[in-house]
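Undergrad: Position 311 of the sequence shown, counted from 1, bears residue number 311 in the UniProt record's numbering, the numbering being contiguous throughout. Supplied in structure tokens, the structure appears directly below.
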Amino acid sequence: MPVLTEDSPLTKLVKKAEAEQLARNKGLLSVADLFEFVPRRYVRPGQLTDLSSLHVGDDVLVVAEVKTATTRPMRNRRGRMLTVVIGDDLGNELDVTFFSAYGHEGKLHPGVRGFFVGQIGAYGRRLQLTHPEYELFDDEAQGDAAVEWYRTHRVPVYSTTGKLNSLKLRRLVYQALDSVDRIREPVPDDVRAARGLLDRAVALELVHRPAVEDQPARGLERLKYDEAFVLQTILAQRRKAAESELATPRPPRPGGLLAAFDARLPFELTAGQREVGEVLSAELASDRPMHRLLQGEVGSGKTMVALRAMLAAIDAGGQAALLAPTEVLAAQHHRSITTMLGDLAQGGMLGGAEFGTTVALLTGSQSAAARRRSLLDAASGEAGIVVGTHALIQKHVQFADLALVVVDEQHRFGVEQRDALREKGSRPPHVLVMTATPIPRTVAMTVFGDMETSTLRELPRGRSPIATHVVDADRQGWVERTWARVAEEVAAGHQAYVVCPRIGDVDDEPGAGSSSTRDSSDEDAGWDAHWDGEDGEDGDAGADAPEGPARELTGVYAMLSTLQATPALAGVRIAVLHGRLDPDAKDATMRAFSAGEIDVLVATTVIEVGVDVPNASVMVVVDADRFGISQLHQLRGRVGRGAVPGLCLLMTRDPGERAMERLHQVAATTDGFELARADLLLRREGDVLGARQSGRANSVRHLRLGRVEDEQIIADAREDAFALVERDPELRAHPALAAAVAMRLDEEQAAWLERG
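Right, dumping it as structure tokens:
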């Protein structure tokens, strides 16, 4: 066996096909990746298990002898199943079942002995292991040696992939540990000593090959610190590099657009809006580019803060670009900004303000004439504010003097996209990114650690409370009452949203289809609507994963038909909205809904963010169990935006225990920060960081960003990493850390930063 390094590809250890499985399914490319692939759990055999002491649900490792092995055809599908009876020396027995006999019947014959690892279940009155992992002994000597090893060690259980079961993965990890010449140590000696950290080589042995008396959690704590330390080092380097850039100062100008706008405001800014506005004003006036994250509750007035910053940039002679994730949201921003500015947005026009500006809209599906006009307005500087989607970052889009970039719902954009927009300035422009999804401190430190953060918690005056209830869709009376409640709100002069998880076909009727169709034009599933499990057979991919058998999901057109046939809604004006509609149709529908010409809007999650219709008082989310906590909170924020109390009804059918827990958490509070922490505890961190990236399944492997105990690890690593980078920005004195940073950035292609 050749000597390996942590940089060695896994093809040095396994066949090419197996290496491809590990890369595709687990994101494991190198020996270092394999070391970071920690066990899901451990079996602690102690004394070998007495088969008479087993209980349903036990995770066991047993040594036993095969007593009988029987194959028979399966009743309902092709193939043969294998039933094996294993026993101990005391005459106790346990059934072992394989629903596919292939690959097992030639090995498991009476008289052979081995280890069997799995979880005890039951069939009828007999206990059984279903598809356990097992290891057979070739001879008595090997058996005795193996028995002794298992008596003194915990057995790690890894999530499987393809034909690589946990036993094979364990042998692979052990082979790597025994073959690597030197374990890399990225954390400097003084930091390890100050934090009381184990050596990394010791930590890896604890995690992968623990003795019975060892504590694998101590090793995992070291790996968590390593992960946090490397990520924080990258963030510290990014912040250090940003501090070296020079921006054009944009000092405030008395008597300009901003002053005129403030003088016309029909309401008073909240204390938080004023405070953040002062911070932004000071940073815009600096010769260092602003790089700030603005987070705030749904409806906390972030757009107002951003607009005032954009007007300040225009006052200082520059332009502002507002990047939105969907055409519906971009059009909404364009419409609301133009409305709020009034004649201040009619610069150069008859009746416009003397020192006004213009607001341009740029999207990918505009007509050629409208697009050409917006491009000219941006390039000439006539448009002080340019609102757009991804179309803004295309190469041919130019600005006369780009001073400020505002990114809305920034978790849907990557660093590369944001940087492409920044490069359109002659000097680096100031950057303000916004999110309405509250960010717990752990995520803020890990994902957004290279930015300064401001938070808006106070809601503007006039916002109304929102009541949320879970509706059992299997109870016809509850469903009828739901639509009657919508009709009551409409009769009172208010409006309603009905949100569905899929679009469906125009001629959809209830029962017409079962596949979930995503809007392909300008909307996505949000942070946590749907995702597949990572561990296949384990069934524990995450709390937000749909439970039970796949069922039909409701589309907007099927729901439209249902509502039109509902007697309680007779005469109610109903329309649909989704991302595949023609842009003009989407805009016309939103304008009509905003104007009160539509009573009920049946939509996909395209209305999740930015849509502001104060008269909308009720929302019904259909198949609500198919959405995650954060997305439900975002959707709910579309109602209760005016003087009328909001009502959100979460309709679900047989959701499963975990999904019902999520729905009741949403119903119990409107505190987005509390829900964000609950969301983190229920979901995989890779999804928390945004849309699934290529390469690794998760952006963080060991850290659980919703856990308070991990928050301290991140905080400690942040303090240490920023201090180190301040002393040695290029990591010249820390080659092992530099190698770990380079490996992380290279393998991830900075994917973990895609949401920062």
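Virtual Cβ for every residue (Gly too), placed ideally from N, Cα, C.
Residues in its own chain within less than 6 Å of Val328 by CB, not counting five upstream and five downstream?
TA: Your numbering for residue 328 matches position 328 in the sequence shown. Result list for Val328: Lys586, Val606, in chain order.
Undergrad: I'd like the span of the alpha helix (DSSP H) that includes Pro73, first residue to last.
TA: The residue labelled residue 73 in the question sits at position 73 within the sequence shown. It is not in any alpha helix (DSSP H) - Pro73 instead sits in the beta strand (DSSP E) that spans 59 to 73.
Undergrad: Taking the alpha-carbon positions, what's the His109 to Lys67 distance?
TA: Reading the sequence shown from its first residue, position 109 is the one you call residue 109. Reading the sequence shown from its first residue, position 67 is the one you call residue 67. About 8 Å.
Undergrad: Do you know whose CA, among Val621, Phe35, Val639, lies nearest Pro614's CA?
TA: Taking the sequence shown and counting its residues from 1, one reaches residue 614 at position 614. Nearest of Val621, Phe35, Val639 to Pro614, Cα basis: Val639.
Undergrad: Which partner residues of Tyr134 appear in the DSSP bridge assignment?
TA: The count along the sequence shown starts at 1 and reaches residue 134 at position 134. In the DSSP output, where bridge partners are listed per residue, Tyr134 has Phe116.
Undergrad: What residue from Asp190, Gly219, Ala194, Ala379 has the CA that sits closest to Met201's CA?
TA: Counted from its first residue, the sequence shown places residue 201 at position 201. What sits at residue 201 in the sequence shown is Ala, not Met. When each option's Cα is compared against that of Ala201, the closest is Gly219.
Undergrad: What does the alpha-carbon distance come out to for the pair Asp377 and Ala715?
TA: Reading the sequence shown from its first residue, position 377 is the one you call residue 377. Reading the sequence shown from its first residue, position 715 is the one you call residue 715. Roughly 46 Å between the two C-alpha positions.
Undergrad: Use the C-beta contact count for Asn76: other C-beta atoms within 10 angstroms, 16 or more gives buried, fewer gives exposed.
TA: Here residue 76 corresponds to residue number 76 of the sequence shown, with the count starting at 1. By the 10 Å Cβ count, Asn76 comes out exposed.
Undergrad: In whole angstroms, what separates the C-alpha of Arg281 from that of Pro156?
TA: Against the sequence shown, residue 281 aligns to sequence position 281. Against the sequence shown, residue 156 aligns to sequence position 156. Note that residue 281 corresponds to Ser in the displayed sequence, not to Arg. Taking the straight line from one Cα to the other gives about 55 Å.
Undergrad: If Leu54 and Leu127 are in contact, beta carbons under 8 Å, what's the gap, nearest whole angstrom?
TA: The residue you call residue 54 lines up with position 54 of the sequence shown. The residue you call residue 127 lines up with position 127 of the sequence shown. Between Leu127 and Leu54 the Cβ distance is about 6 Å, and since that is below 8 Å, they are a contact.
Undergrad: Quick one: using the 10 Å Cβ neighbour count with 16 as the cut-off for buried, is Lys26 buried or exposed?
TA: Reading the sequence shown from its first residue, position 26 is the one you call residue 26. Lys26 is buried by the Cβ-count criterion.
Undergrad: Do you know how far the Cα of His334 is from the Cα of Leu362?
TA: As a first step, residue 362 must be located in the sequence shown, where it is residue number 362. As a first step, residue 334 must be located in the sequence shown, where it is residue number 334. Those two C-alpha atoms are separated by around 10 Å.
Undergrad: Measuring CB to CB, does Arg653 end up less than 7 Å from Ala473?
TA: Residue numbering aside, residue 653 sits at position 653 when the sequence shown is read from its first letter. Residue numbering aside, residue 473 sits at position 473 when the sequence shown is read from its first letter. Yes, the pair counts as a contact, with Cβ atoms nearer than the cut-off.
Undergrad: Would you check if the distance between the CB atom of Lys302 and the CB atom of Met434 is smaller than 7 Å?
TA: The residue labelled residue 302 in the question sits at position 302 within the sequence shown. The residue labelled residue 434 in the question sits at position 434 within the sequence shown. Cβ distance < 7 Å, so Lys302 and Met434 count as in contact.
Undergrad: Quick check: the Cα distance between Arg475 and Met651, rounded to an integer number of angstroms?
TA: Stepping through the sequence shown from its first residue, residue 475 is reached at position 475. Stepping through the sequence shown from its first residue, residue 651 is reached at position 651. Distance between the alpha carbons of Arg475 and Met651 is about 10 Å.
Undergrad: I'd like the span of the beta strand (DSSP E) that includes Tyr158, first residue to last.
TA: Taking the first residue of the sequence shown as position 1, residue 158 is located at position 158. Where Tyr158 is concerned, there is no enclosing beta strand (DSSP E), given that its DSSP letter is neither H nor E.
Undergrad: Give me the Cα-Cα distance between Glu534 and Ala345, rounded to the nearest whole angstrom.
TA: Reading the sequence shown from its first residue, position 534 is the one you call residue 534. Reading the sequence shown from its first residue, position 345 is the one you call residue 345. With a pLDDT of 27 at Glu534, under the threshold of 50, the predicted position of this residue should be treated as unreliable, though the coordinate-derived value follows. Looking at the two C-alpha atoms, the distance is approximately 50 Å.
Undergrad: Where does Pro9 fall in DSSP's three states?
TA: Position 9 of the sequence shown, counting from 1, holds the residue named residue 9. Here Pro9 sits in strand by DSSP.
Undergrad: With distance defined between alpha-carbon atoms, name the residue in Arg253, Leu553, Leu569 nearest to Arg485.
TA: Working through the sequence shown from its first residue, we reach residue 485 at position 485. Per the Cα distances, Leu569.
Undergrad: Taking C-alpha atoms, which residue in Ser100, Asp505, Asp95 lies nearest to Val117?
TA: One-based indexing of the sequence shown puts residue 117 at position 117. Ranking the options by Cα distance to Val117, first place goes to Asp95.
Undergrad: Using a Cβ distance threshold of 8 Å, determine whether the region 246 to 255 contacts the region 728 to 742, with at least three qualifying pairs required.
TA: They do not touch, by the three-pair rule.
Undergrad: State yes or no: is the C-beta of Asp662 within less than 7 Å of the C-beta of Ile466?
TA: Against the sequence shown, residue 662 aligns to sequence position 662. Against the sequence shown, residue 466 aligns to sequence position 466. The question names Asp, but residue 662 in the sequence shown is Arg. Taking 7 Å as the Cβ cut-off, Arg662 and Ile466 do not qualify as a contacting pair.
Undergrad: Would you mind giving the Cβ-Cβ distance between Val359 and Ala383, rounded to the nearest angstrom? I have them listed as a contact below 8 Å.
TA: On the sequence shown, position 359 is the one that residue 359 refers to. On the sequence shown, position 383 is the one that residue 383 refers to. Rounded, the Cβ-Cβ distance is 7 Å, consistent with contact.
Undergrad: Ordered along the chain, which non-local residues of its own chain (more than five positions away) have a Cβ less than 7 Å from that of Val572?
TA: Residue numbering aside, residue 572 sits at position 572 when the sequence shown is read from its first letter. Closer than 7 Å at the Cβ level, and outside the excluded window around Val572, lie Ala487, Val490, Asp599, Val600.
Undergrad: Under three-state DSSP, which class holds Ser365?
TA: By 1-based counting over the sequence shown, the position of residue 365 is 365. Coil.
Undergrad: What is the DSSP secondary structure of Ala492, reduced to helix, strand or coil?
TA: Residue 492 sits at position 492 when you count from the first residue of the sequence shown. Three-state result, Ala492: coil.
Undergrad: Going straight from the alpha carbon of Asp408 to that of Thr604, what length do you get?
TA: As a first step, residue 408 must be located in the sequence shown, where it is residue number 408. As a first step, residue 604 must be located in the sequence shown, where it is residue number 604. Roughly 19 Å separates the two Cα atoms.
Undergrad: Does Ala260 come out as helix, strand or coil in the three-state DSSP assignment?
TA: Taking the first residue of the sequence shown as 1, we reach residue 260 at position 260. Three-state result, Ala260: helix.
Undergrad: Please state whether the Cβ-Cβ distance between Thr357 and Gly342 is less than 7 Å.
TA: Sequence index remark: in the sequence shown, residue 357 carries index 357 (1-based). Sequence index remark: in the sequence shown, residue 342 carries index 342 (1-based). Not closer than 7 Å, so no.
Undergrad: If you measure between the beta carbons of Leu4 and Ser179, is that distance less than 7 Å?
TA: Residue 4 sits at position 4 when you count from the first residue of the sequence shown. Residue 179 sits at position 179 when you count from the first residue of the sequence shown. For Leu4 and Ser179, yes; Cβs fall inside 7 Å.
Undergrad: To the nearest angstrom, report how far apart Asn698 and Ala659 are at their CA atoms.
TA: Within the sequence shown, residue 698 is the residue found at index 698, counting from 1. Within the sequence shown, residue 659 is the residue found at index 659, counting from 1. Low per-residue confidence applies at Asn698: pLDDT is 41, beneath 50, and the placement is therefore not dependable enough to give any value.
Undergrad: Would the beta-carbon of His430 fall within 7 Å of that of Pro252?
TA: By one-based count along the sequence shown, residue 430 stands at place 430. By one-based count along the sequence shown, residue 252 stands at place 252. Cβ distance not < 7 Å, so His430 and Pro252 don't count as in contact.
Undergrad: Using the rule of at least 16 other Cβ atoms within 10 Å of the residue's Cβ for burial, across every protein chain shown, is Leu223 buried or exposed?
TA: By one-based count along the sequence shown, residue 223 stands at place 223. Buried is the call here.
Undergrad: What whole-angstrom Cβ distance do Gly579 and Thr326 have, given they're in contact under 8 Å?
TA: On the sequence shown, position 579 is the one that residue 579 refers to. On the sequence shown, position 326 is the one that residue 326 refers to. Their Cβ separation, rounded to whole angstroms, is 7 Å, which keeps Gly579 and Thr326 in contact under 8 Å.
Undergrad: By the three-class DSSP mapping on this structure, what secondary structure does Met651 have?
TA: Residue numbering aside, residue 651 sits at position 651 when the sequence shown is read from its first letter. Three-state result, Met651: strand.
Undergrad: Going by DSSP, name the residue or residues bridged to Gln128.
TA: In the sequence shown, residue 128 corresponds to position 128, counting from 1. BP columns for Gln128 point to Asp95, Gly121.
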